[in-house]
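What follows is a short report on a single structure.
Residue numbers (my numbering): 18 to 81.
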């Protein structure tokens, strides 16, 4: 990935901030059944599955 100006790669600190912003947002949506220390043992809730399938269908419909 590059900066908008195209003047080089995105710094690691920006990528880290973006990762945590997205992670926080997904947790606020409560896509997982319960709170856990690690994602590997978490299961999506029924609402989480429906949400992600809807996002996927909209993405696939973009004809990218």
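Every residue gets a Cβ at the ideal spot worked out from N, C-alpha and C, and that includes glycine.
In this structure, what does DSSP give as the bridge partners for residue 69? Beta-bridge annotation (DSSP): residue 69 is not paired with any residue.
What is the C-beta distance between residue 25 and residue 48, in whole angstroms, given that I count them as a contact (C-beta under 8 Å)? Not a contact, Cβ separation roughly 34 Å.
Tell whether a beta-carbon distance below 8 Å holds between residue 20 and residue 27. For the pair residue 20 and residue 27, the CB atoms are nearer than the 8 Å cut-off.
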